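Student:
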């Protein structure tokens, strides 16, 4: 019982002090057993909690600038491989705070690495900053684009980059002050939404010297994320036929559009015969220009997913083979071009538990009545129950065999270095992701609070790693066991397609 009370009191003190709730701290001490209160206070002042308190203070010190950076990137809303200003804003602030900057890494102009410190351990933290097309939105709880058809941060990457940079800066300041030793690396990673830029960064060996990697993502809840993601592969199929007059002499034509229709018909019939975990998507990019010409060219972007790369690849092989069949039926030529592919996330529960412990220290995010009202208006506008916000810290979840959901190029990082994942609330419960609602929250205080919280949680977790080589070894041990004998093989064919937008 005494041990439990000690933990509860230490947590209460930590959260109260870091939220400037002095009265709560006084009450906690006053109600503690006399032989316990002084012990806990002294321990809090002397051990890792003191370091974490300083980390929280560091993030708070930079919070106004981090929010401004997030908002600038939100306003720019630059899409895949076009994030020139967004990348510069982040790298400039890192450089201003003492990091050495390497720009244009892995052949991508908007990719960069910011480094501070020397020696081991080397901890990496990921930052993304690309927006999505067609999601322009004001900070309003109803759909209201700033510019019709413009881009917007429908996945919250404006917060992703700035939150991670805030964590990196807090660690840099602790290294600078001699509180911890080692190296911190911030990876500025472009084009997560379209081409998965991290693949080329992994292929360039940029994580080869990193001991553990940390990442986070905006979400509708807060948790140490110990769920995997879906493996994915993207490819384009082009059909080449013969143009002719669609009425006067169609017998002289061979329709690339016919081949495309036959191809998508095959895909749609195939969907009935794949496992429930498989997803197949496509986007027709070109199917002819005018109605009175037999189309001599067509193009389609195809994507296949499954919970494991090993399950996805046979689906990919089958769908590629269908293109040949469609071409034969339409009597046209065809070409298949690999775009890129990503692995499922390799979960690390040892690292997840470290993150979980720090979330429990921080406690949930607190929201104002105005923020909750804003959230409920979004839920009304998106036909969801008006439940408001959720930032409760629940126990670490069981890792599911088939988690569903989306895909991320963080998966490729996680197959090359142990990775710890975090989700933080930046939008209301049940918010449709990749939507205007995420954009709206990402440009106002709901998103700001989640972003600052993520910086604290990640930096606190990193401090545990810097202080404990044993903990890093345990994380690495689980990583090696989870990976087994499977060798990582990047699913790319050539350099990043930075001009193919």
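Residue numbers (this note's numbering): 27 to 527. Cβ coordinates follow ideal geometry from the N, Cα and C atoms, glycine included. All values reported here derive from a predicted model rather than from experimental measurement.
1. Using 8 Å as the Cβ pair cut-off and three pairs as the minimum, do the stretch 330 to 337 and the stretch 291 to 309 touch?
2. When you compare the CB positions of residue 116 and residue 232, do they come within less than 7 Å of one another, or not?
3. Between the alpha carbons of residue 355 and residue 310, how many angstroms are there, rounded?
4. What do you get for residue 423, buried or exposed, if any count of 16 or more other CB atoms within 10 angstroms of its CB means buried?
5. If I follow the unbroken beta strand (DSSP E) through residue 256, where does it start and stop?
6. Which of helix, strand or coil does DSSP assign to residue 61?
7. In whole angstroms, what is the alpha-carbon distance linking residue 406 and residue 414?
8. Determine whether the beta carbon atoms of residue 106 and residue 217 lie at a separation below 7 Å.
9. Since residue 517 contacts residue 367 with CB under 8 Å, what's their CB separation in whole angstroms?
10. For the candidate residues 213, 452, 360, whose alpha-carbon lies nearest to that of residue 181?
11. Just how far apart, CA to CA, sit residue 187 and residue 322?
12. May I ask which residues mark the beginning and end of the beta strand (DSSP E) holding residue 250?
13. If you pair each beta-carbon of the stretch 345 to 363 with each one of the stretch 241 to 257, do three or more pairs fall below 8 Å?
14. State buried or exposed for residue 388, treating a residue as buried only when at least 16 other CB atoms are found within 10 Å of its CB.
15. For residue 176 and residue 203, what's the separation of their Cα atoms in angstroms?
16. Going residue by residue through the stretch 328 to 406, where are the continuous beta strand (DSSP E) segments of at least 3 residues, counting only ones entirely within it?
17. Out of 262, 404, 445, point me to the one whose CA is closest to residue 381's CA.
18. State yes or no: is the beta carbon of residue 275 nearer than 7 Å to at least one beta carbon in chain B?
19. Are residue 283 and residue 313 touching if we call contact CB-CB under 7 Å?
20. In whole angstroms, what separates the C-alpha of residue 142 from that of residue 235?
21. Do you know whose CA, among 140, 221, 212, lies nearest residue 525's CA?
22. Take residue 357 as the anchor and find which of 90, 195, 278 has the nearest alpha-carbon.
23. On the criterion of 16 or more Cβ atoms from any shown chain inside 10 Å, does residue 291 qualify as buried, or is it exposed?
24. Residues bridged to residue 312 by DSSP?
25. By the DSSP assignment, the alpha helix (DSSP H) with residue 479 in it spans what residues?
26. What is the DSSP secondary structure of residue 19, reduced to helix, strand or coil?
27. For residue 361, which of 118, 345, 429 has the nearest alpha-carbon?
28. How is the alpha helix (DSSP H) around residue 187 delimited, first residue to last?
29. Mapping DSSP to helix, strand and coil, what is residue 497?
30. Short check: CB of residue 198 to CB of residue 210, under 7 Å?
31. Taking DSSP as the reference, what is the three-state secondary structure of residue 423?
Tutor: Taking the coordinates as given:
1. yes
2. Locating residue 116 in the chain shown gives position 90, where the first residue counts as 1. Locating residue 232 in the chain shown gives position 206, where the first residue counts as 1. No, these two residues do not count as a Cβ contact at 7 Å.
3. Sequence index remark: in the chain shown, residue 355 carries index 329 (1-based). Sequence index remark: in the chain shown, residue 310 carries index 284 (1-based). Rounded to whole angstroms, residue 355 and residue 310 show a C-alpha spacing of 19 Å.
4. On the chain shown, residue 423 is found 397 positions in, with the first residue counted as 1. Classification of residue 423: exposed, given that the 10 Å Cβ count is below 16.
5. In the chain shown, the residue the question calls residue 256 occupies position 230. Taken as a continuous stretch (DSSP letters only), residue 256 belongs to no beta strand (DSSP E), as it is neither H nor E.
6. As a first step, residue 61 is located in the chain shown; it is residue number 35 there, counting from the start. Because the pLDDT at residue 61 is just 43, under 50, the model does not fix this residue reliably, and the point stays unresolved.
7. On the chain shown, position 380 is the one that residue 406 refers to. On the chain shown, position 388 is the one that residue 414 refers to. Computed Cα separation, rounded: 10 Å.
8. To locate residue 106, count along the chain shown from 1; it is residue 80. To locate residue 217, count along the chain shown from 1; it is residue 191. Less than 7 Å divides the Cβ of residue 106 from the Cβ of residue 217.
9. As a working mapping, residue 517 is identified with position 491 in the chain shown. As a working mapping, residue 367 is identified with position 341 in the chain shown. So it is a contact: roughly 3 Å between Cβ atoms.
10. Start at 1 with the first residue of the chain shown, and residue 181 comes out as number 155. The shortest Cα separation from residue 181 among 213, 452, 360 belongs to 452.
11. Working through the chain shown from its first residue, we reach residue 187 at position 161. Working through the chain shown from its first residue, we reach residue 322 at position 296. Between residue 187 and residue 322, the C-alpha separation is close to 44 Å.
12. As a position in the chain shown, residue 250 is number 224, starting the count at 1. 249 to 251 is the extent of the beta strand (DSSP E) around residue 250.
13. no
14. Position 362 of the chain shown, counted from the start, is the residue given in the question as residue 388. Residue 388 comes out buried.
15. As a working note, residue 176 is residue 150 in the chain shown. As a working note, residue 203 is residue 177 in the chain shown. Near 44 Å, if we compare the C-alpha coordinates of residue 203 and residue 176.
16. 359 to 368
17. The residue labelled residue 381 in the question sits at position 355 within the chain shown. Of the listed residues, the one whose Cα sits closest to residue 381 is 445.
18. Protein chain content of the structure displayed is limited to a single chain, and chain B is not contained in it.
19. The residue labelled residue 283 in the question sits at position 257 within the chain shown. The residue labelled residue 313 in the question sits at position 287 within the chain shown. Yes, the Cβ-Cβ distance between residue 283 and residue 313 is below 7 Å.
20. To locate residue 142, count along the chain shown from 1; it is residue 116. To locate residue 235, count along the chain shown from 1; it is residue 209. Near 14 Å, if we compare the C-alpha coordinates of residue 235 and residue 142.
21. For the purposes of this step, residue 525 is taken as the residue at position 499 of the chain shown. Considering only alpha carbons, the answer is 221.
22. Sequence index remark: in the chain shown, residue 357 carries index 331 (1-based). Nearest option by C-alpha distance: 278.
23. Your numbering for residue 291 matches position 265 in the chain shown. By the 10 Å Cβ count, residue 291 comes out exposed.
24. Translated into positions along the chain shown, residue 312 becomes position 286. Beta-bridge pairing links residue 312 to 325.
25. As a first step, residue 479 is located in the chain shown; it is residue number 453 there, counting from the start. Per DSSP, residue 479 belongs to the alpha helix (DSSP H) from 471 to 493.
26. No answer is possible for residue 19: the residues shown for the chain start at 27 and end at 527.
27. Sequence index remark: in the chain shown, residue 361 carries index 335 (1-based). When only C-alpha atoms are compared, the closest one is 345.
28. What you label residue 187 is simply residue 161 of the chain shown in a count that begins at 1. Counting along the chain, the alpha helix (DSSP H) containing residue 187 begins and ends at 183 to 202.
29. Numbered from 1 along the chain shown, position 471 holds the residue referred to as residue 497. Residue state, collapsed to three classes: helix.
30. Here residue 198 corresponds to residue number 172 of the chain shown, with the count starting at 1. Here residue 210 corresponds to residue number 184 of the chain shown, with the count starting at 1. The answer is yes: Cβ separation under 7 Å.
31. Within the chain shown, numbered from 1, the residue matching residue 423 stands at position 397. DSSP places residue 423 in coil when its eight states are reduced to three.
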